[in-house]
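Q:
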Amino acid sequence: MNESAAFSESDKIDTDELVNREPSAEEELATSQDPNEGREVVTGLIEHPSKQEQETAIIRSLSGIATGAITRQEPILKVAKICHVGAVRERNEDSCLLFQSEAGGHFALMPFGLYIVADGMGGHVNGHIASKIASRTAAQSIVDNIYMPLLSDEDTGIQTPIQEVMTAAVQTANAAVFRSDPDNDSGTTLTIALILGPRLYIAHVGDSRIYLFNEGKLEPVSTDHSLVQRLQDVGQMTAEEATIYQYRHVLLRAVGQTEQVDVDTYMRRLPKAGRLLLCSDGLPTMVSDAKIEEILAQNKPVEETANNLLQVALDAGGYDNITIILVDFTLQ
Amino acid sequence: MGRLTTRQLASKQSRKNKPGQRSSLQPGDMLQNRYRIVGTLGVGGFSSVYQARDMRFHNVTKLCAIKEMIISAPDPQLRELTIKSFERESSLLAMLDHPAIPDVSDYFTESDRSYLVMDMIRGRDLEAWSEEQTEQMKQETALDWLLQLCNALIHLHRQKPVPIIFRDLKPSNIMLDQYNRMVIIDFGIAKLFETGNKGTMIGTEGYSPPEQYRGQATPAGDIYALGATFHHLLTRQDPRLEPPFTFAERPISAVNPNVSPAFEAIIMRCLAYDPSERFHDATALKEALEIIDKPALVSPELAAVASPEAAAASEAPVGQIKPLWKFQCEDEIRRSAAISDEMILVGAYDNNLYALTTGNGELAWKFPTSGGLGSAPYVYEDSVYIGSVDQHLYSLKLQDGRLNWRFATEGPIYSSPTVRFDHVFFGSDDANLYALNIAQGKPIWKANAYSAVRSTPFVTENHVFFGTEGGYIYCLDLTTGKNKWQSQAKRAVTSSPTVVDDIVFVGSVDATFLALDASSGWIIWRFRARRPIISSPIVHDGIVYFGSSDGSLYALDMDTGRQLWAFETEGQVSSSAAIWGEAVYFGSTDGHVYSVSQKRGQLRWKFKTGGAVIASPIIADDVVYIGSTDHNLYALAV
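Sequences listed follow chains A and B, in order.
Position 73 of the first sequence, counted from 1, bears residue number 73 in the numbering used here, the numbering being contiguous throughout.
Take any residue in the second sequence, note its place counting from 1, add 1000, and you have its number in the numbering used here.
Okay, here's the thing in structure tokens:
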């Protein structure tokens, strides 16, 4: 039996909401009608083959097919994080948070990895507060609705569609930031990656980024909600022009600016092995995607790779805060 | 480095317009011993507009509008330059002579402020007008106003030596006067434009063309802003609240039924991202609008002028579809057919399984069961399998329809069998799911599902997935039939699940469509239709297609559950879809078989049968085979 959970922040996650959740009508029905309970294992209607015969029969006819074994593919996760003020700024307005857990033994848990980057808006007085509130509120919401049910003995599983939990986490964070500032002048980006078993779930607002690195190729997973990205989307600006454009910091969406926010969500299966990179724009505005790809391809350990990425961004000027969360994953 | 959202840019701009914030002139103040200030019309960052009375006409009240601009440059040389350019611009405006542009009668500079005196326009701006409306704007009104504004833009763009680009057209800069005339106001940022010049001005968020964000201003930019203005007026959807350049995502016709496709196409062409794809100037736009104004002209011709794409769309998409052949059974066909090399097999409620030749639909053989066939046949190697309401599952020789074996359950069979790994899997109304060896029809296992199983099981290498009338979705171990997980819907799951990329897709009578993790049963996402979902999903190219009793066929992104499009029919869509080439095929209880484009869900053709089409199509070699409750099986060319 081995269990491990890592929380990179000292803050305790409040789980009150979990306890207070009432079972829905369906949940009650589910327990009263458990198909396992009365499972009838074969009483053939024409013949009565013994259990052994049946299994031999099907194993024979299914020759060549892996029988019965649940080949659930689960990732081994290694992670490094950096949240650096950069070379120029006086205050770090980025926040990051990571939470990883696995449990071994007969009742092994699906590996769980939650990674969050929030970049408070620098033009605003409370950028650093906005990013903190957003990242922690979102983490709390996801831990309550996805992680805590996994730990629960009641085996009810995750009750809310995972994608809706992800969206709700961002909405909750948005409302918290919006309430925190009476002038509604605060704002932050919020980018969340959740690895749950072999799948990657993403919720995203703003211009922090998620990249997937697989078989030597770096692939952006998130889309920036920025003016420059939109101009590129409609073919009216090149990527090169975007790097020098004076309004390159203008966001089209941010958390905490309005009562509701549009959230991008994605879901995909993880490839067999690769790296997941979350970062604030302090990295990609300083370092080209090609360079990031090159550094990731060197295949150094995660900590070393993350440090190398930081160093390149600082060497290039480090004009902004730089946050990097790098996750190595290998599916077993 | 400062960072803002566009919303903040917008809110900062709107703050500027709040009157009374920083107006330096008070009612009663005099300018040039001639203009007595009566009130404030608007206040901006560096400029204000006042209402004043011209005292030279002391016997009558002649009102005028006075624009005040603050000269903020502290450097005397720069100050001088600012005043010079102001005077030059004022002279230029004074030279403009057009009914849609207010006359400039005077200009002067006092201490650190310059003033421009213009006609007072009585009326309200289009933003205020739009807010007052309770009904959708009429096309004829829009057309009339657009033509007037085109004339004004033509006048501006024709100025020599360089055209005047307005740069900031938007509803609040256009006045509707008491004679229903358009007047363009606030030339505050209308700047002399010299080709090739680059500025840094960002126009009003939402109305500005993409290239203006890079400092390029051309006549085509004013065309875009005009299109954006009328898109706003016609849809009553404020572009300042939407991501920039997303007009195409909000079709005018979706909210305003008064607008013809041709007129919408003209507005949308104004809004092309690429300036070269718009009307290159106001004259070209006016010409296109004038064609609409004369209804005698045929619409395709017009649409071609407006936009080649619209021309294609406006062509009647419904062709004359004639069946290649049809075969009449003695009762309704409610399930899909199956295809072998040379035969098509279909079950009918007349108890018979029919085997027809694919070429001409001639009967090869038929096999009578003792009950209606509400199950679709399944062809595997040289046999065909089908369940019957007579409670039996039949295995027949494909060649001549002779019985291989039959297997009795304790309830009618509506579930369609599926064969994998030399076993046939199917459900029965006796609440069991069965796995039979296909050679002898002997059960390997059966699993009690506690309520009728009418869905078709989906079998993967390790698991069997199916839904029940009791509202459960089950995942069983393939070899033992033991339960791995179950997930619950609120009502029956008659829809048959399909599994792609380890995601189980299935609909429920509770109107919800679910994507579940195949290994845990956890719901990844859900989508709500308006009515029950009985239709079974199919997945193709990352898109999942299914129908609903709400009348629509839906296309969703399989990873996010986001709706890509929905195609509405007049009836319920219980039929599952089939894909062939670029098109999706399905039936509706409105009696039609539909073919819609896979990409955008646009109608390609529809074919009317004599009854509701509940059955699903099956397609081979460019022929769609589908049954109807009018008792016929149709063969239609794709």
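Ideal placement from N, C-alpha and C gives every residue a C-beta, glycine not left out.
In chain order, which beta strand (DSSP E) runs of at least 3 residues are fully inside the segment 1309-1389 of chain B?
A: 1325-1328, 1343-1347, 1352-1357, 1363-1368, 1378-1380 and 1383-1387
Q: Leaving out five residues before and five after residue 260 of chain A in sequence, what residues of the same chain have Cβ atoms less than 8 Å from its Cβ?
A: 171 and 174
Q: Is the CB of residue 1521 of chain B under 9 Å away from at least one CB in chain A?
A: yes
Q: Hey, would you say the C-beta of residue 1225 of chain B is under 8 Å away from at least one heavy atom of the ligand SAM?
A: In terms of ligand content, the structure shown is empty, and the ligand SAM therefore cannot be addressed.
Q: Go ahead and label residue 1138 of chain B buried or exposed: buried means 16 or more other beta carbons lie within 10 angstroms of its beta carbon, across all protein chains shown.
A: exposed
Q: Please return the same chain residues whose Cβ sits closer than 6 Å to the Cβ of residue 1002 of chain B, not counting the five positions on each side in sequence.
A: Low confidence applies to residue 1002 of chain B: its pLDDT is 48, below 50, so where it sits in the model is not reliable, and the reading given next is rough at best. Hits under 6 Å: none found.
Q: Determine the DSSP secondary structure at residue 1050 of chain B, reduced to helix, strand or coil.
A: strand
Q: Compare the C-beta of residue 1525 of chain B against all C-beta atoms of chain A and say whether one is closer than 9 Å.
A: yes
Q: Within the continuous beta strand (DSSP E) that includes residue 1577 of chain B, where are the two ends?
A: Taken as a continuous stretch (DSSP letters only), residue 1577 of chain B belongs to no beta strand (DSSP E), as it is neither H nor E.
Q: What does a CB cutoff of less than 7 Å around residue 330 of chain A pick up in its chain, not counting 5 residues either side in sequence?
A: 75, 76 and 273
Q: Rounded to whole angstroms, what is the Cα-Cα separation between residue 138 of chain A and residue 326 of chain A?
A: The straight-line gap separating the alpha-carbon atoms of residue 138 of chain A and residue 326 of chain A is approximately 19 Å.
Q: Looking at the structure shown, is residue 1221 of chain B part of a helix, part of a strand, or coil, going by DSSP?
A: In the three-state scheme derived from DSSP, where H, G and I count as helix and E and B as strand, residue 1221 of chain B is classed as helix.
Q: Taking only beta carbons into account, state which residues of the segment 267-287 of chain A come closer than 8 Å to chain B, listed in chain order.
A: 267, 268 and 269
Q: 9 Å is my cut-off, CB to CB: does residue 225 of chain A come that close to chain B?
A: Contact of residue 225 of chain A with chain B is assigned, a C-beta pair being separated by under 9 Å.
Q: If contacts are defined as beta-carbon pairs under 8 Å, then residue 1548 of chain B and residue 1535 of chain B qualify, I think. What distance do you get, rounded to the angstrom?
A: 7 Å
Q: When the Cα atoms are used, what is the spatial distance from residue 251 of chain A to residue 1427 of chain B?
A: Distance between the alpha carbons of residue 251 of chain A and residue 1427 of chain B: 54 Å.
Q: Leaving out five residues before and five after residue 225 of chain A in sequence, what residues of the same chain have Cβ atoms less than 7 Å from its Cβ?
A: 205, 206, 207, 251, 252 and 253
Q: Compare the Cα-Cα distances from residue 1486 of chain B to each of B:1512, B:1511 and B:1450 and report the closest residue.
A: B:1450
Q: For residue 1153 of chain B versus residue 1070 of chain B, is the C-beta distance shorter than 9 Å?
A: Cβ atoms of residue 1153 of chain B and residue 1070 of chain B: not closer than 9 Å.
Q: Got a sec: is the Cβ-Cβ distance from residue 1211 of chain B to anything in chain A below 9 Å?
A: yes
Q: Count the other C-beta atoms from every protein chain shown that fall within 10 angstroms of the C-beta of residue 1439 of chain B, then say buried if there are 16 or more, exposed otherwise.
A: exposed
Q: Going along chain A, which residues have a C-beta under 7 Å from residue 1245 of chain B?
A: 230 and 234
Q: Would you say residue 981 of chain B lies against chain A (beta-carbon separation less than 9 Å)?
A: The requested residue 981 of chain B does not occur in the structure, where chain B is confined to residues 1001 to 1638.
Q: Taking any Cβ of chain B, which residues in the segment 236-269 of chain A have a Cβ under 8 Å from it, in chain order?
A: 236, 237, 241, 245, 246, 247, 249, 250, 251, 252, 253, 254, 257, 258, 265, 266, 267, 268 and 269
Q: Can you name the residues that DSSP bridges to residue 1517 of chain B?
A: Assignment of beta-bridge partners to residue 1517 of chain B by DSSP yields B:1503.
Q: Smallest Cα separation from residue 1072 of chain B: which of B:1064, B:1081, B:1066 and B:1334?
A: B:1081
Q: Just reading off the beta strand (DSSP E) that residue 1070 of chain B is part of, what are its end residues?
A: Annotation: the continuous beta strand (DSSP E) that includes residue 1070 of chain B extends over 1063-1070.
Q: Let me know if residue 37 of chain A comes out buried or exposed under the rule of 16 or more other beta-carbons within 10 Å of its beta-carbon.
A: Annotation note: pLDDT 39 at residue 37 of chain A (below 50); position unreliable, no value reported.
Q: Am I right that residue 1453 of chain B and residue 1473 of chain B are in contact with their C-beta atoms under 8 Å? What's the rounded C-beta distance?
A: Actually they are not in contact, since the Cβ atoms of residue 1453 of chain B and residue 1473 of chain B sit about 11 Å apart, beyond 8 Å.
Q: Excluding five sequence neighbours on each side, which residues of the same chain lie with their C-beta closer than 8 Å to the C-beta of residue 1163 of chain B?
A: 1156, 1157, 1193 and 1219
Q: Would you kindly work out how many angstroms separate the C-alpha atoms of residue 1442 of chain B and residue 1407 of chain B, rounded to a whole number?
A: 8 Å
Q: What did DSSP end up calling residue 229 of chain A once you bin it into helix, strand or coil?
A: Annotated three-state conformation of residue 229 of chain A is helix, per DSSP.
Q: Contact check, residue 1618 of chain B vs residue 1578 of chain B under 8 Å by CB: the rounded distance?
A: Indeed, because the Cβ distance is near 6 Å, the residues count as touching under 8 Å.
Q: Quick check on residue 1341 of chain B - is its C-beta less than 9 Å from some C-beta in chain A?
A: no
Q: Which of the three DSSP states, helix, strand or coil, is assigned to residue 1079 of chain B?
A: helix
Q: The alpha helix (DSSP H) spanning residue 1263 of chain B covers which residue range?
A: First-last of the alpha helix (DSSP H) with residue 1263 of chain B: 1261-1270.
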